[in-house]
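K.L.:
Sharing a structure below in structure tokens format, with a few things to ask.
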Amino acid sequence: MSQQGYVATPPYSQSQPGIDSPPHYGHYGDPSHATSPPGVMKPVGGLGAAAPGVMASPGPPPPGLQHLGQNGAHASGHSPQRFPGPPPVNSTAPSYAQHQPCTQSSYPSPVSTSSVAHLGSQLSQLQINNYGSGVPPPSQGPPGPPPAASFQAPPRPLQTSILQPGSQVLPPPPTTLNGPGASSLSPPGPRQDGLPGPPPLGAQYQPPPPPGPALGVGYPPPPHQAAHYGPQMAGTQLSYSGGFAGGAAQMAGPPPPPKKLDPDSIPSPIQVIESDRATRGGQVYATNTRGQVPPLVTTDCVIQDQGNASPRYIRCTTYCFPCTSDMAKQAQIPLAAVIKPFATIPSNETPLYLVNHGENGPVRCNRCKAYMCPFMQFIEGGRRYQCGFCSCVNDVPPFYFQHLDHIGRRLDHYEKPELSLGSYEFVATLDYCRKNKPPSPPAFIFMIDVSYSNIKNGLVKLICEELKTVLEKLPKEEQEETSAIRVGFITYNKVLHFFNVKSNLAQPQMLVVTDVGEVFVPLLDGFLVNYQESQSVIHNLLDQIPELFADSNENETVFVPVIQAGMEALKEAECPGKLYIFHSSLPTAEAPGKLKNRDDKKLVNTDKEKILFQPQTSVYDSLAKDCVTHGCSVTIFLFPSQYVDVASLGLVPQLTGGTLYKYNNFQMHLDSQQFLNDLRHDIEKKIGFDAIMRVRTSTGFRATDFFGGIFMNNTTDVEMAAIDCDKAVTVEFKHDDKLSEDSGALLQCAVLYTTIGGQRRLRIHNLGLSCSSQLADLYKSCETDALINFFAKSAFKAVLHQPLKVIREILVNQTAHMLACYRKNCASPSAASQLILPDSMKILPVYMNCLLKNCVLLSRPEISTDERAYQRQLVMTMSVADSQLFFYPQLLPIHTLDVKSTTLPAAVRCSESRLSEEGVFLLANGLNMFLWLGVSSPPELIQGIFNVPSFAHINTDMTLLPEVGSPHSHQLRMIMSMIQRKRPYSMKEKSNKQWKSFSEP
Amino acid sequence: MTTYLEFIQQNEERDGVRFSWNLWPSSRLEATRMVVPLACLLTPLKERPDLPPVQYEPVFCSRPTCKAVLNPLCQVDYQAKLWACNFCFQRNQFPPAYAGISEVNQPAELMPQFSTIEYVVQRGPQSPLIFLYVVDTCLEEDDLQALKESLQMSLSLLPPEALVGLITFGRMVQVHELSCEGISKSYVFRGTKDLTAKQIQDMLGLSKPAMPMQQARPVQPQEHPFVSSRFLQPIHKIDMTLTDLLGELQRDPWPVTQGKRPLRSTGVALSIAVGLLEGTFPNTGARIMLFTGGPPTQGPGMVVGDELKVPIRSWHDIEKDNARFMKKATKHYEMLAQRTAANGHCIDIYACALDQTGLLEMKCCTNLTGGHMVMGDSFNTSLFKQTFQRIFSKDFNGDFRMAFGATLEVKTSRELKVAGAIGPCVSLNVKGPCVSENELGVGGTSQWKICGLDPTSTLGIYFEVINQHNAPIPQGSRGAIQFVTQYQHSSTQKRIRVTTIARNWADVQSQLQLIEAAFDQEAAAVLMARLGVFRAESEEGPDVLRWLDRQLIRLCQKFGQYNKEDPTSFRLSDAFSLYPQFMFHLRRSPFLQVFNNSPDESSYYRHHFARQDLTQSLIMIQPILYSYSFHGPPEPVLLDSSSILADRILLMDTFFQIVIYLGETIAQWQKAGYQDMPEYENFKHLLQAPLDDAQEILQARFPMPRYVHTEHGGSQARFLLSKVNPSQTHNNLYAWGQETGAPILTDDVSLQVFMDHLKKLAVSNAC
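So the protein sequences, as listed, match chains A and B. Reading the first sequence from the start, the letters are residues 16 to 1016 in the numbering used here. Reading the second sequence from the start, the letters are residues 102 to 868 in the numbering used here.
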């Protein structure tokens, strides 16, 4: 069994006596994977075999075949009766029928069928349904029965969602507990014609369960927690049903009109988002309690640091860790934190305090070197303190002494940020600096590809023009008047041109380095200059660059020497910095890192597909390593017109904390705005250089794996040439001992870095998580968005080493296992065919499906290799909010817009079935923004937005909405800018008249 | 016939040739017994204002192995229009252009007064002169400023169509592109990486377009390849640009930490310069002018590390085999020099620094290519400035006194063979019938390449008589030698200068007196000195001295008149009288003595010794001392400590230094200010006289000598005291008991002691 491979500890394998597989999994590189018996990979068989081990103790008698068969029969037999609403109207896709045999065969052995197996197969069913090998994605949206019909009254007031086979018609019980959600209830009528109006929130909600002893198998919410959650309880405890009815329905054999999974019965992410927004949006979220689950990333609220790091900095897959590793293995919920240490904080929240502990540096635990934080317990009248992480008792340094008050707190508790806040910064002393010398302010080096095509299409001119303005806005320390960042310029094609822009020169000097085999920096003084001082020379240079190469017909470019040159320059100048490389072609010139066009579509869908994601040569790897060693971050703007091998080129930016931007077939009039926005944003954003991150944990568990734009020389120090406000690092934790419920699980993330002003700082984020020996607690505190972030990163990392098929299976299996474990241990017994979802994970299957549909994991030859490599890399540094949007794009109806509203319209579920011919929809996933125009969308809307009389007149080439004075246009552009505001990448705006596939089934 | 002295002088003036023997011993055995080899000093381009070049091609002997040029010594049959080659006796038809030839209508080359004649030939395209400046930027600010000014000034001296290029170096090497507007562009090379010529050309983008060029050339001979014009531009086009570029030249921007030398990539810079010219203008007259202010400290050709606490190698280190970088560096520069010579380019080195700059290692660059070597303390001195300016001095025709890419070919009549040459040349390895198996100097060839030469460049050429003793040469017959020098004149013309000389053969047994009289002791001294210096480059100093001594003793034994074992009876004829004295001073000279000289200085002195003409060489061996006093007109005096008198002003010219030395009394008078008093105007004149004479010497000499003005007891007086014969030392001062002269505090032997020993050894049987 290899499910555990990349996602979590391998619980199956260890509790599995029957399967002879090597004891060590968990490593992708392990060659045993490739050679492990194929049977092991089969999810059904594997799970089935595993079941006895996993299910050993509680083991409710599996309903087995009977039940299954009954369910199936039941579903098929009774569904007509039970659906009084209109029958499936446009069930046009025949794909289900094709799959029937296959589904049947996957349930052949009723005896071994356990809930886990069942779930696994249900999920894989889902998978198969949607992406049968080679089968085009079926049109997902046969509007099933009216949504209302799919709701069932759950037999028990559980905190869980139970999916019954088949759809049951149950009138939605009127509820008063839904709060604002209830008010947005819309009559079921409009939805029957497939128009995705505002989601029928209320309809999917159940009456909240009465908390307390009535719950049998489920867990009673502990009273204190309930009290703590207060009003939020209603939202979080709302369970709802519906969903994977299709799985069971199909088992009944092919009925004449094939039964489909009812899309509306699947838990709706929109609803979850909206309900969280409704209950917690706009409120103050104080981080004073250990282990509390923060609002969703989609919810706007004010966060008050009261001892734990803001969820803007750290989000966890679960806020309650299992006490033992056995428990963790049983649940298979990954324990991970997504840390975004430089996250942007809204202006209405307090910025980080800067703490200076003088020349001795920050006070730290003597043993584990954790920094002074609220988790340190002061004892003996304040003379000593006990470290919350390693329990070591340390003396308080004399300068730091303070008396304690009656509850054992220091008198200056609220005066010192490091005692009362979750996040703060320390001034670092020389001991924390490279070579014990204070760092120099960082430098930005702009490196422009001046090969023929870039000159020809005007890109070079565009860049040069833009640099003139954007350099005025170099980031600076808040108190400084001008930026301390120095700038340098290099152009290159087959050779490198350095520029001397020293302020006392009348005109810039160009220094050509042709020795690309062993590149070096030809000058030091005059290469990196202060922009303000050398402004006239720089402007002179930027004016001249396009002309200098106007006659050049050099087509070949180099790449690795360019980065080497930048790195060497920074090394010689002894400062950290960032390279901005504007590149457009495959580097084929004779030089280190020369690349061949190896884009081989034949590899797609084979075990060798992973090669496409790996760099062509090891040069890129070692180059990245060198860059990190010298604090050189690399950001690349790619303008490819054909294959450029993103997998190779992108490696350096990925490992050095840079960003890769890609503009396919860049066309000046269409794409320049997007590019310029990205460039401006990237230059202006908050960034720290030459950073080392260390995640310390309290005893009992430790950080074992790291994902992100990072480089690791050893197992603990996360090195980052630079880290900016958009980059997140996902950290996975494992137990190495028991955790106690009393002390909880504590995290301290310390980032040592150099500021843009050239100061050395330590940024500390502390987070306390609770621990529990109850699985139910664990499931209750999960955060699906963070889980998906983790799953995506670990899967995308695994792509380099394992066949995609295996990875997909692992994802499916682990999801199934997590849910099965819940069902078995936390939910009360129910029909085996019911999918029971914990509240915190009810949209996990949907999201997981979205992840599985991502083009990285899905081998489709029509998606370019570069695009897949690009997205793979993109996701690796994504924060929770970004990955949420990326995998579950926002779909906004525009045609129902209230032109007077200043907020975003309510999103609809991201499914093609939600689109209507009369509608206009905006879809955004963080990379692209599509405006979808239905064929019969209202002409006045089209007139209002595009200023053209009818649908037929719209030019779909445009990438910028015209500025029309109408309220519709104004409103739409406002919405777009609101969506754009928080995103690291400028989204490409596209108008689509037609448009097919979507994320949600 | 006039005296030999006049004959010699006449020959020198006409042909630029001085032979050690003007009557040639007729057999090999006799020739070897004469100790001083049959050799000559040849000044190939001796200025001959009275010799206008003829505007036609020379007539060559048709025998392929001979190819001698028609000359006055040839027998001509005017009737048959035939001429017989006097070297191989081949009978040749005159070319059609000579149809009108007759006894009364002779072409110039047949007239006896045209034993030296110059032809202007039209062959191939004329290529402009090329000057490639290679400039060190690791200089002090004022030094760099002075150098920049000198360079800018030099641009105005160049002919407008000359091509110039600029390479600067420090830690990196920059090749400046001169054709660009708006932005100055240069190609940069790492100073630590040795590159092959091909790599350099690839990196400068010179090689690629060369391929189509070669194909296109037969079709369309363009004026110049486009590529080369990026780095080498006609001065009239880029005068302003280059002036600005030089003006903006900054000191090497790389920081130099305390206790370190700046990193200076001379080796790579030179390599790139050579590669650049090699790729663009092979076999075209070009000067690479290297201006450096310190030793190469990194990369190939590094001479010393950058740690200041490790001093640059001294003779002591070299003897102890302690000079880490020397061998490698020398090899690097030798390879460069060979390549440069093969391409017909020459390298000048202008090294101005207080410490050594690595001339020892780099000397081959100038020595093999005929370039100049100039050593000074700073670029901000008149020594450098004027020397540099003098490079561009012009002759009576307004042409530069420089020629390029010369090939010197020596042809001898059958009794003679050529054994080698010593001078600023490299062998072309052309074996022929007149090449001797024995080598003296650079031998084994009858042709040498002299990439850069000027009117004073002089080679020592050594011959071997091969006529066997038992095959006597008929009485009255003459041996002949022809020197054919093909070169590129500074006006870019291709020219051929042909000098044909002949001397009588003499039988040593019967005609020893005559041969003695025909001995040119000055030429012989210089030729022997060149051999000695040539040996000193590869051998230990004492061995060379011992060899010189033995040669001298043997010469004295052969030509002295004495009774055996009676030193007092020893006499030498007039023709030999000065020779021992020259040898005495040569032994003391910096060419053979390294004591008190740095390796760089030795290299510098030897460089100039191997290329100056006879007069200058003699000055170098035995400096000239003039004495100024109230007792009479200025007179040359003995180079002896006894000449240093209190009431005299001495002017010493050692070629490298001009020393004016005020005697004790004169110095006191001057201090007292007598020269300012009208009644002592004569004293003022006396003080002025040596200054005027010194100025005259300074004006004419290249390189500019170090000018030293000192007085009795002055520290600079050491220049004088180290040169004069120490006839009075602290050892014998009181024994002599004389008031005159100044004692020299040295243990060196004096000329008297030397001569006494010589006599004793000459008359003894032991040797």
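By construction, the Cβ of each residue, glycine as well, lies at the ideal position given by its N, Cα and C atoms. As the structure is a prediction and not an experimental result, all values here were calculated from the model.
1) Expressed to the nearest angstrom, what Euclidean distance is found between the alpha-carbon atoms of T385(B) and L252(B)?
2) For G87(A), name the three-state secondary structure that DSSP assigns.
3) Quick check: the Cα distance between A603(B) and G580(B), rounded to an integer number of angstroms?
4) Can you pull the chain B neighbours of F535(A), defined as C-beta to C-beta under 7 Å?
5) From the DSSP output, in three-state form, read off M436(B) for me.
6) Give me the Cα-Cα distance between I109(B) and P396(B), rounded to the nearest whole angstrom.
7) According to DSSP, is D295(B) part of a helix, a strand, or is it coil?
8) For I851(A) and R823(A), I'd like the C-alpha separation in whole angstroms.
9) Using DSSP's beta-bridge definition, name the partner residues of Q319(A).
10) Assuming contact is defined by CB atoms lying nearer than 8 Å, are P213(B) and P153(B) in contact in what I supplied?
11) Shortest alpha-carbon distance to H473(B) belongs to which of M390(B), R596(B) and T381(B)?
12) Classify K421(B) as helix, strand or coil using the three-state DSSP reduction.
13) Between Y451(B) and chain A, is any beta-carbon pair separated by less than 8 Å?
14) Give the list of continuous alpha helix (DSSP H) stretches no shorter than 4 residues that lie fully inside the region 901–969 of chain A.
15) Against chain A, with Cβ distances strictly below 8 Å, would P354(B) count as a contact?
16) In the DSSP output, which residue or residues are listed as bridge partners for E278(B)?
17) If contacts are defined as beta-carbon pairs under 8 Å, then P901(B) and Q829(B) qualify, I think. What distance do you get, rounded to the angstrom?
18) State buried or exposed for A23(A), treating a residue as buried only when at least 16 other CB atoms are found within 10 Å of its CB.
19) Indicate whether at least one CB of chain A lies closer than 8 Å to the CB of G400(B).
20) Please compile the residues from chain A whose C-beta is within a distance smaller than 9 Å of the C-beta of K299(B).
21) Looking at C388(A) and N781(A), is the spacing between their C-beta atoms short of 8 Å?
22) Would you say D555(B) and R598(B) are within 8 Å of each other, going by their C-beta atoms?
23) Between P681(B) and L763(B), what straight-line distance do the alpha-carbon atoms span, to the nearest angstrom?
24) Whose C-alpha, out of V577(A), P602(A) and L601(A), is nearest the C-alpha of K593(A)?
25) Pick from V814(A), K1005(A) and R775(A): whose alpha carbon is nearest that of K623(A)?
26) Who does M735(A) pair with in a DSSP beta bridge?
27) Under 8 Å Cβ to Cβ from L919(A), same chain only, skipping five residues before and after it: list those, please.
28) Whole angstroms is fine: what's the gap from I505(A)'s alpha carbon to F461(A)'s?
29) DSSP on N570(A), reduced to helix/strand/coil?
30) Given a limit of 9 Å on CB to CB distance, which residues of the region 278–309 of chain A reach chain B?
31) In the DSSP output, what is F504(A) paired with across the bridge?
32) Quick check on V950(A): buried or exposed, where buried means 16 or more other Cβ atoms within 10 Å of its Cβ?
33) Compute the beta-carbon to beta-carbon distance between Q569(B) and R129(B), rounded to the nearest angstrom, for a pair I have assumed lies under 8 Å.
34) State whether the region 741–756 of chain A contacts the region 334–353 of chain A, with contact taken as three or more CB pairs (one from each stretch) at a distance under 8 Å.
35) DSSP beta-bridge partners for Y676(A)?
36) Closest Cβ-Cβ distance between K410(B) and chain A: below 8 Å?
P.N.:
Let me lay it out:
1) 22 Å
2) In this predicted model, G87(A) has a pLDDT of only 37, less than 50, meaning its place in the structure is not dependable; the value taken from the coordinates is given anyway. Three-state DSSP puts G87(A) in a helix.
3) 5 Å
4) R291
5) helix
6) 44 Å
7) coil
8) 22 Å
9) A301(A)
10) no
11) M390(B)
12) coil
13) no
14) 954–961
15) yes
16) K286(B)
17) Only positions 102 to 868 of chain B appear in this structure, which leaves residue 901(B) out of reach.
18) Confidence at A23(A) is low in this model, with a pLDDT of 37, below 50, so the placement of that residue is unreliable and no value is reported for it.
19) no
20) Ordered by position in chain A, no residue passes the 9 Å Cβ test against K299(B), which lies about 13 Å from the chain.
21) yes
22) no
23) 30 Å
24) V577(A)
25) V814(A)
26) A706(A)
27) L907, I990, M993 and I994
28) 6 Å
29) coil
30) none
31) F461(A)
32) exposed
33) 6 Å
34) yes
35) F652(A)
36) no
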